[in-house]
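Beneath this line is the structure, given in structure tokens, with notes to follow.
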Amino acid sequence: MKSFLSFSLLLLATLVSAISSTGDRLLAVLDDVAEKATYSKFLGDLESRGFKITYETPKSESLSLFRLGERKYDHVIFFPTKAKGLGPNLTPNLLVQFLNQKGNILLTLSSEVPAATSLVSLLTELDITLPSDRTGLVVDHFNHDVLSAADAHDVLLLPVPRPARPDVADLFASGAPADTPIAFPRGAGVLLGAGPLLTPIVRAPATAYLYNPKEQAEVLAADELFGAGAQLALVAGMQARNSARLAVVGSAEMLSDKWFDAKVTKVGEKKEVPTYNREVAKRVAGWAFQETGVLKVNWVEHRLNEAGPGANVSNPAMYRIKNDVTYKISLSQWDWDKWTGFTVPANDDLQLEFSMLSPFHRLHLAVDAAHSSPEATAYTASFKLPDQHGIFNFKVNYKRPFLTNIEEKNTVSVRHMAHDEWPRSYVISGAWPWIAGIGATITAWLAFVAVWMFSKPADARVVLKKTQ
Amino acid sequence: MAPKRHNARDITPSAAATTQAGPTTAGTVPATAAVTKPYRVSVTTKDSWAQVVGNVWSHYLKTTPQRTKLIDVFMAFLIVVGALQFLYCVLAGNYPFNAFLSGFSATVGQFVLTASLRMQTTEANKSDFPSVSPERAFADYVVCSLILHFFCVNFIN
Amino acid sequence: MHFSKSLLSAALLLAAGVAEAASSWSFDDATVAVVSKKAGDGLKEKLNAKKPLSKPVTIGSSDTIKITLTAKDNGSGKRPHQAFVVLKDVDSGLEAPFPLTTKDTGKAVGQISQKEIPVQLLLATKPLQASIVIGSFGSAHGLNTHLFDLTVQLDPNAPAPSTEKTLRYAKQPEIHHIFKADPKNPPKIISLVFALAVVATVPALFLGWFSLGANLDHLTTALGKAPLSHTAFLGSIVAMEFVFFLYYSTWNLFQVLPVVGLVGAVTVLSGTKALGEVQARRLAGQR
């Protein structure tokens with residue numbers, strides 16, 4: 001009840017304050033503030049979702065990510081800038097610090113303007129690699145827009161980004177109309193490292209490749225290929241351990257008004273179709289700015305699943321080995337403007353670990369409809385504690401691409417059997433002879449006491465000998 | 001005194017038994033042992049063993065007071081009960097082990113206590129315990145036995 | 001779609017020399033050769049855009065495969081911007097592009113040695129699918145077609161290449177604790193037999209005593225001389241054992257201890273008297 005109350009209060013507070021689950025102060029860094037007209041629809045969408053956007057140029061002296069050690073902004077969006085560096089207020093160090101303080105960054109690249117060195121260093125820090133000359137152009141001679149890039153082939157038409165793995169949450173493609181491509185005009189691509197924090201959102205088609213239009217316009221030397229095919233990420237996401245997010249969009253142009261409204265035609269087709277850019281831009285920005293895929297734990301409860309005096313105690317500090325226990329956890333997901341119950345993606349599994357150093361149990365948590373509501377879904381698992389005493393953790397460690405990390409740990413001690421909790425010896429048939437042994441010994445001893453005290457000497461011969 | 005005389009007679013066969021074991025451990029040939037100690041040759045045969053045991057037995061029957069025999073019967077009973085419990089443990093496994101320990105140690109402990117009672121009350125040992133009267137020994141015996149029973153009942157769960 | 005179309009148009013071009021509105025890329029004089037350091041030139045096969053080689057090409061541990069072809073746009077040799085040989089693991093979908101070195105005439109050469117192939121592909125269970133991608137700017141259609149299959153023969157003497165399994169956030173296999181097996185009781189019949197055998201020794205003891213002439217004849221004398229102390233002494237010993245029995249069956253230690261103290265006091269007090277009487281009998285030679 002109490003948890004529910006605080007939960008609804010929290011819900012109310014979030015509704016009032018911002019549309020993102022973490023804050024609404026957004027900084028947009030552009031070369032020239034007038035450039036924002038190019039992206040008016042994209043930025044307008046953000047504003048209509050509740051973000052308060054501050055526009056700054058890297059040269060601006062008032063530009064600062066922090067004030068008195070606290071973040072001044074909750075999110076930053078970088079549009080391509082011509083200057084080589086971004087000045088003293090946006091050094092890679094400060095940007096990393098911004099991420100460490102749970103700030104989110106949306107970073108856009110362009111094939112026409114090399115990325116600022118500060119951003120390149122930041123990306124290198126995160127194991128995201130740009131071409132050595134800080135930019136490149138992704139072309140595809142098989143999947144380009146015939147209308148706008150019949151010769152240059154540099155406006156790629158990409159399918160809506162389905163999850164790469166079947167068990168990953170589908171945040172970007174769900175509900176998308178079939179056959180509406182994403183236009184990816186004049187963009188660069190990045191290579192992602194092998195770490196689990198990096199996830200490609202849009203990969204390049206198998207036949208696409210990246211080249212440098214200045215130096216490799218005529219000949220692409222065999223040993224100078226930066227990347228091709230699915231290894232090139234055109235839109236990528238990085239979620240840090242503290243759930244701060246960074247998204248890289250290879251083509252800033254794809255967020256522009258022009259491509260939101262453009263009609264495109266695929267190679268070999270005549271039909272002109274609208275692009276999916278507006279929706280995908282909303283979803284990528286929404287993901288980066290913690291509007292989707294944000295999870296939270298409402299409450300955790302574990303209790304004894306046995307009849308007896310401890311059955312009604314919630315979250316006891318101690319259990320006994322081999323106790324039957326039930327664990328419940330309630331999860332919510334922030335969905336643009338409200339908390340909804342979190343449903344685990346198909347093929348994925350929410351798992352509970354019962355661990356001391358290493359897990360003794362790792363179990364599936366099933367939906368508990370009785371304790372769920374539209375705002376929160378409860379998951380439950382019941383199991384028998386291991387026959388090992390010690391300090392254990394109920395641990396839900398749910399880390400998945402695109403979803404904020406959940407690491408919920410509840411420590412309990414598990415004691416061994418008390419001396420009066422063992423089965424009694426008469427219950428154990430194997431103990432009968434030994435019980436009989438004690439019984440016989442005591443009975444015989446009582447008789448012996450009586451005999452010793454009251455036996456009259458009967459053997460005359462012995463008496464005779466004694467008196468001799 | 002009569003018991004002392006009996007004791008002197010008692011020594012002969014038991015000494016024969018120990019010296020009989022002596023030559024073999026010394027590694028000497030039994031024949032030479034027979035030569036050096038001719039009067040003990042008869043002891044080495046099987047028949048004479050039965051004879052020795054028979055001697056001891058009849059001597060026991062003759063000289064032991066009836067009251068001591070009653071104690072001995074009780075001790076024999078405890079040996080049988082203990083042996084049965086131990087045999088069961090060997091045959092059927094020691095689960096539950098605490099039950100085995102308490103059952104078996106009740107019997108063994110009772111045996112030990114009874115043996116001390118026998119030592120302290122036998123007429124022959126009177127000189128060894130000048131200050132302990134048989135009744136005093138018995139009182140100790142009762143108290144110790146009760147404590148033993150309590151521990152065993154407690155431990156068997 | 002576009003792939004079959006380009007094939008079709010290529011076929012048309014070859015057959016009739018009729019130019020379509022949109023030209024397309026093709027290739028000619030394509031060969032694949034396995035160059036072995038030890039044995040010199042091995043297998044050499046001609047490649048065809050319409051049909052992949054029927055037999056897979058095998059690459060040994062120190063071998064290199066060499067692919068040569070002449071790229072053609074609309075039938076005449078021309079340098080394409082993109083001329084990749086792509087190796088693909090059919091199962092995992094992983095691809096590795098190998099760009100060819102192209103010349104103005106459209107002649108393209110590429111060499112792939114085994115150690116250049118990524119480890120994940122080396123470990124593929126099925127033959128790798130090698131295809132060619134030729135494309136360039138302009139209106140000409142690109143060509144993307146399956147050329148041949150490639151079997152990788154690993155060096156049996158060298159340790160097999162291994163990939164460190166990259167950490168991916170995903171569900172993990174379930175773990176269920178394996179409990180120690182409950183201790184097993186021996187067959188009840190054996191326990192019963194032994195319990196009965198133990199119990200049976202008690203009457204046997206009584207029989208033994210009886211045969212030796214044990215009796216309780218002095219009980220009456222004793223009760224006559226010190227009735228209270230003897231009853232109290234014997235009674236308290238029996239009561240003590242009964243308390244032990246209650247402790248075993250129902251009582252807890254804190255119920256037991258005061259009663260034990262009480263009964264014990266009775267035993268001690270009555271015991272001195274009772275044993276004094278026994279001593280009197282002994283001194284009288286009645287024991």
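Chains as they are written, first to last, in the UniProt record's numbering: chain A, 1 to 468; chain B, 1 to 157; chain C, 1 to 287.
Using N, Cα and C, we set each Cβ at its ideal position, and we do this for glycine too.
Predicted, not measured: the structure shown is a model, and the values here were computed from it.
- Under DSSP, no beta-bridge partner is assigned to Y169/C.
- If you compare the alpha carbons of L157/A, P159/A, P166/A and Y209/A with that of T135/A, the shortest gap goes to Y209/A.
- When secondary structure is reduced to three states using DSSP, K59/A falls in the coil class, being assigned neither helix nor strand.
- At a C-beta separation below 7 Å, A214/C has these neighbours in chain B: L70.
- For G44/A, the number of other beta carbons within 10 angstroms of its own is below 16, and it is reported as exposed.
- For V260/C, at least one C-beta of chain B is nearer than 9 Å to its own C-beta.
- DSSP lists V325/A as the beta-bridge partner residues of F383/A.
- Among the residues of chain C, those whose CB is under 7 Å from the CB of V153/B are F244, Y247 and Y248, following chain order.
- Interface criterion not met: the Cβ of Y60/B is under 9 Å from no Cβ in chain C.
- The Cβ atoms of R424/A and I321/A lie no closer than 9 Å to each other.
- In this structure, the CA atom of P205/A is about 24 Å from the CA atom of V120/A.
- If only uninterrupted beta strand (DSSP E) runs of at least 3 residues are considered, those enclosed by the segment 338 to 426 of chain A are 338 to 341, 351 to 356, 358 to 364, 377 to 384, 390 to 400 and 403 to 415.
- Of all residues in the segment 160 to 172 of chain C, those with a C-beta nearer than 7 Å to a C-beta of chain A are T166, L167, R168, Y169, A170, K171 and Q172, reading in chain order.
- Secondary structure note for R278/A: its alpha helix (DSSP H) is the uninterrupted segment N277 to A288.
- Remark: C-beta atoms of F148/C and A222/A do not approach each other more closely than 9 Å.
- One Cα belongs to D348/A, the other to G87/A, and the distance between them is close to 44 Å.
- Taking a C-beta cut-off of 7 Å against chain B, the contacting residues of the segment 430 to 441 of chain A are G430, A431, P433, W434, I435, G437, I438, A440 and T441, listed in chain order.
- Residues of the segment 313 to 343 of chain A with a C-beta atom less than 7 Å from some C-beta of chain B do not occur.
- CA-CA distance, L219/C to S455/A, rounds to 8 Å.
- Contact between the segment 239 to 251 of chain A and the segment 116 to 130 of chain C is absent: fewer than 3 CB-CB pairs across the two stretches fall below 8 Å.
- Taken through DSSP and simplified to helix, strand or coil, D45/A comes out as helix.
- Taking a cut-off of 8 Å for Cβ pairs, the segment 238 to 246 of chain A and the segment 176 to 188 of chain A do not touch, as fewer than three such pairs fall below it.
- The beta carbon of L223/C is closer than 6 Å to those of H230 in its chain, skipping five residues each way along the sequence.
- Beta-bridge partners assigned by DSSP to M238/A: L198/A and L246/A.
- Beta-bridge partners assigned by DSSP to P99/C: F84/C.
- In the same chain as H141/A, and ignoring 5 residues on each side of it, the C-beta atoms closer than 8 Å to its own belong to H153 and T207, in chain order.
- Chain B places a beta carbon closer than 9 Å to that of L275/C, counting this residue as a contact.
- Under the 8 Å Cβ criterion, the segment 242 to 254 of chain C does not count as touching the segment 202 to 222 of chain C, having fewer than three qualifying pairs.
- Under DSSP, W25/C takes part in a beta bridge, and its partners are D73/C.
- Within chain C, no residue has its beta carbon less than 9 Å from that of Q110/B; the closest one is some 12 Å off.
- Within the segment 356 to 375 of chain A, the residues whose Cβ lies closer than 8 Å to some Cβ of chain C are P359, F360, H361, R362, L363 and H364, listed in chain order.
- Taking all protein chains shown into account, P96/B has 16 or more neighbouring C-beta atoms within 10 Å of its C-beta and is therefore buried.
- Note on the segment 98 to 186 of chain A: whole alpha helix (DSSP H) runs with a minimum of 4 residues are 117 to 125, in chain order.
- By the neighbour-count criterion, in which a residue is buried when 16 or more other Cβ atoms sit within 10 angstroms of its Cβ, F79/A is buried.
- For H141/C, the three-state secondary structure derived from DSSP is strand.
- K263/A and H302/A have their C-alpha atoms roughly 56 Å apart.
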